[in-house]
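Chemist: Please find one structure pasted underneath; my questions will follow.
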Amino acid sequence: MPAKMDVKELNTYATNTWCPGCGNFGIERAIKLAVTELVNEGKIKRENVVTLSGIGCHAKIVDYINVNSFYSLHGRVPAPASGVKLANPELTVIGFAGDGDAYSEGLVHLVFAAKRNMDITMIVHDNRVFGLTTGQFTPTSPKGFKGRSMPRGAPEEPFNPIELMLVSGATFVARGYSGKVNDLKALMKRAILHRGFAIIDVLQPCFTFFNTYDYYNKAVYDIQAVGHNEHDWDQALAKAREWDYGVEEKARIPIGVFYETERPTFGDAVGAEKGLISRPVPVFGPLLKDHI
Amino acid sequence: MPSGTPKVHTESLKIESITRSSVTSYEAIVKYSSYEHDEYGITTEDADLIARGHDKRLTKAESIEKELMARRTVKTYGPADSKHVIVTWGSTKGACIEAAAERGLGVVQPLYLHPLQTWELTPMLAHADKVICVEVNSKGQLATWMRYHGLRVDDTLLKYDGRPFTVDELDRRISEVLK
Chain Y
1 MPAKMDVKEL
11 NTYATNTWCP
21 GCGNFGIERA
31 IKLAVTELVN
41 EGKIKRENVV
51 TLSGIGCHAK
61 IVDYINVNSF
71 YSLHGRVPAP
81 ASGVKLANPE
91 LTVIGFAGDG
101 DAYSEGLVHL
111 VFAAKRNMDI
121 TMIVHDNRVF
131 GLTTGQFTPT
141 SPKGFKGRSM
151 PRGAPEEPFN
161 PIELMLVSGA
171 TFVARGYSGK
181 VNDLKALMKR
191 AILHRGFAII
201 DVLQPCFTFF
211 NTYDYYNKAV
221 YDIQAVGHNE
231 HDWDQALAKA
241 REWDYGVEEK
251 ARIPIGVFYE
261 TERPTFGDAV
271 GAEKGLISRP
281 VPVFGPLLKD
291 HI
Chain Z
1 MPSGTPKVHT
11 ESLKIESITR
21 SSVTSYEAIV
31 KYSSYEHDEY
41 GITTEDADLI
51 ARGHDKRLTK
61 AESIEKELMA
71 RRTVKTYGPA
81 DSKHVIVTWG
91 STKGACIEAA
101 AERGLGVVQP
111 LYLHPLQTWE
121 LTPMLAHADK
131 VICVEVNSKG
141 QLATWMRYHG
151 LRVDDTLLKY
161 DGRPFTVDEL
171 DRRISEVLK
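From first to last, the protein sequence lines stand for chains Y and Z.
Heads up: the first sequence at position 166 corresponds to 166 in this note's numbering, and the numbers run straight through without jumps.
Heads up: the second sequence at position 112 corresponds to 112 in this note's numbering, and the numbers run straight through without jumps.
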């Protein structure tokens, strides 16, 4: 029986450069707890975990977790995540992305990963603002949001990523809140163990450019606690439409698992049959050998 | 080693000893990064490490050039010692070969643009009275790129009306240049 892993083993020496009060800390804590517990429960292997990130404040998370990682390009996380999973289906693939990352630049990657039911987990740090570039509006910023690129207020309505993922074919769709770390950890554990495309839209206040702590603390409620049939797609869609990513005072924001179902993954459909997965590691030519 | 350091580092910045492990060995935590990073793959803003990262990537370019030197990277058609030489790239090749054959001209077609294969092109063009670039674009991109590398180009035959060169048209335009 191997010794239980301590969550501290997932720390690295990297200096954390998120602002004090950043919602990312809640996400970092939750994922470390989730991975530690899943490893200790024997459900995943630490050495098989591969984390990926895009570009933005969220992306630094892979520097702060001592597991395999691939710090990729802006918006592209679902693409390398899909590649990692297809190349080695044994791996547990967890992609982190921001809302500016996953829902604008990389939206098509995300929609197609859901459509294909790629067996990966996507955790979206949705602070509803471009934080690293100091405050421009994103696809989930509320209408009227005054940012650096829209000083008179964003003229557009935000879109609802929960709704978008449901209609795109995602087989596990959830929303979390970084201010509720234990609930978020539980969501992450379920998402990671889900076979197929799992996404958690994590509401994450940006303390510096869009501080939504008070608003979320008042508005969020757990849909599992009030009774929700997460296997009913229509009910999930109706639940998703309870909140439109606005900032109304009286809004109630459902968090928890909206929908979970099973269907064959992309790997099931093409991998085994076409020999695209589990193929041997390619033999590198002399050119690459110099650098590997 | 600071605590929390991955057990095996992935991309040593010491160029002479670069080792990388594959994922799924417990002994190795592999961290890849598109950002400037230290030898463990952790993002860095350190000025010295950033400069060393650039140096490392430049040596990769040198390796690519070395590898290309070991293969044939320029295709030639027709006589190697013709008085005039046509240089072309991409899908214009076919029309060039046919038009050149009628006049007994040699055709030179570089297969890679970067790095441009000056080591092969220079001797191939040295003897030519006229080096003529035939290209389907409005600016003579290949000619510009060749001149940037110190190669001589005497004339450019360009076409940019959304249609490829025909052999007849190319023959006529070559004859105008060689008048």
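All C-beta atoms in this analysis are idealised placements derived from N, C-alpha and C, irrespective of residue type, glycine included.
#1: Between Z:Ile42 and chain Y, is any beta-carbon pair separated by less than 9 Å?
#2: So, helix, strand or coil for Y:Met150, using DSSP?
#3: Using the beta-carbon of each residue, which ones in chain Y are nearer than 7 Å to Z:Tyr35?
#4: Roughly how many angstroms lie between the CA atoms of Y:Lys189 and Y:Leu164, to the nearest whole one?
#5: With 16 other CB atoms within 10 Å as the buried threshold, where does Y:Tyr71 fall?
#6: Report buried or exposed for Y:Ala303, applying the criterion of at least 16 other Cβ atoms within 10 angstroms of its Cβ.
#7: Find the residues of chain Z that neighbour Y:Lys325, judging by a C-beta separation of less than 8 Å, and give them in chain order.
#8: Report, in whole angstroms, the separation of the C-beta atoms of Y:Met122 and Y:Ile199, which I expect to be a contact under 8 Å.
#9: Under the assumption that Z:Leu116 contacts Z:Trp145 (Cβ atoms under 8 Å), give the Cβ distance between them as a whole number of angstroms.
#10: Listing by chain order, which chain Z residues have their CB less than 7 Å from the CB of Y:Asp101?
#11: Give me the chain Y residues within the contact set of Z:Tyr32, using Cβ-Cβ distance strictly less than 8 Å, ordered along the chain.
#12: What in chain Z is Cβ-close to Y:Thr212, meaning under 9 Å?
#13: So, is Y:Val108 buried or exposed, given that buried needs 16 or more other C-beta atoms within 10 angstroms?
#14: On the three-state DSSP scale, how would you describe Y:Ala14?
#15: Hey, Y:Asn11 and Y:Ile61 are a contact pair by Cβ (cut 8 Å); roughly how many whole angstroms apart?
#16: Determine whether the beta carbon atoms of Y:Gly39 and Y:Thr51 lie at a separation below 9 Å.
#17: Would you give the residue range spanned by the beta strand (DSSP E) that Y:Pro205 belongs to?
#18: Is there a C-beta anywhere in chain Z that falls below 9 Å from the one on Y:Asp63?
#19: Quick check on Y:Thr134: buried or exposed, where buried means 16 or more other Cβ atoms within 10 Å of its Cβ?
#20: Please give me, in chain order, every unbroken run of the alpha helix (DSSP H) with length at least 4 that falls completely inside the region 167-227 of chain Y.
#21: Verify the CB distance criterion: does Y:Asn40 have a CB-CB separation below 9 Å to chain Z?
#22: Kindly indicate if chain Y contains any beta-carbon less than 9 Å away from that of Z:Ile29.
Modeler: Result, derived from the coordinates:
#1: Reading the second sequence from its first residue, position 42 is the one you call residue 42 of chain Z. Interface residue, yes.
#2: Translated into positions along the first sequence, residue 150 of chain Y becomes position 150. Strand.
#3: For this step, residue 35 of chain Z is matched to residue 35 along the second sequence. By Cβ distance, chain Y contributes Tyr71.
#4: Translated into the one-based positions of the first sequence, residue 189 of chain Y becomes position 189. Translated into the one-based positions of the first sequence, residue 164 of chain Y becomes position 164. Their backbone Cα atoms lie some 22 Å apart in a straight line.
#5: Position 71 of the first sequence holds residue 71 of chain Y. It is buried - the Cβ of Y:Tyr71 has at least 16 other Cβ atoms within 10 Å.
#6: Chain Y is shown only over 1 to 292; residue 303 of chain Y falls outside these bounds and no answer can be derived.
#7: Because residue 325 of chain Y is not part of the residues shown, which for chain Y are 1 to 292, the question remains open.
#8: If you number the first sequence from 1, residue 122 of chain Y lands on position 122. If you number the first sequence from 1, residue 199 of chain Y lands on position 199. Contact flag correct, Cβ pair sits at about 4 Å.
#9: Here residue 116 of chain Z refers to the residue found at position 116 when the second sequence is read from its first residue. Here residue 145 of chain Z refers to the residue found at position 145 when the second sequence is read from its first residue. Their Cβ separation, rounded to whole angstroms, is 6 Å, which keeps Z:Leu116 and Z:Trp145 in contact under 8 Å.
#10: Locating residue 101 of chain Y in the first sequence gives position 101, where the first residue counts as 1. Correct list: empty, because the minimum Cβ distance to chain Z is about 13 Å.
#11: Reading the second sequence from its first residue, position 32 is the one you call residue 32 of chain Z. The answer, in chain order, is Ser69, Phe70, Tyr71.
#12: In the first sequence, the residue the question calls residue 212 of chain Y occupies position 212. In chain order: nothing, as chain Z lies at least about 27 Å away.
#13: Walking along the first sequence from the start, residue 108 of chain Y turns up at place 108. Result: exposed.
#14: Locating residue 14 of chain Y in the first sequence gives position 14, counting from the first residue. Coil, per DSSP.
#15: Position 11 of the first sequence, counted from the start, is the residue given in the question as residue 11 of chain Y. Position 61 of the first sequence, counted from the start, is the residue given in the question as residue 61 of chain Y. That pair is no contact at about 12 Å.
#16: Your numbering for residue 39 of chain Y matches position 39 in the first sequence. Your numbering for residue 51 of chain Y matches position 51 in the first sequence. For the sequence presented, residue 39 of chain Y should be read as Val rather than Gly. Result no, Cβ atoms of Y:Val39 and Y:Thr51 do not sit closer than 9 Å.
#17: Your numbering for residue 205 of chain Y matches position 205 in the first sequence. Counting along the chain, Y:Pro205 falls outside any beta strand (DSSP E), and DSSP gives it neither H nor E.
#18: Indexing the first sequence from 1 puts residue 63 of chain Y at position 63. So yes, Y:Asp63 belongs to the interface.
#19: Reading the first sequence from its first residue, position 134 is the one you call residue 134 of chain Y. Label assigned to Y:Thr134: exposed.
#20: 181-193, 213-219, 223-226
#21: For the purposes of this step, residue 40 of chain Y is taken as the residue at position 40 of the first sequence. It does not; no Cβ of chain Z falls within 9 Å.
#22: By one-based count along the second sequence, residue 29 of chain Z stands at place 29. For Z:Ile29, the answer is yes, since a Cβ of chain Y falls inside 9 Å of its Cβ.
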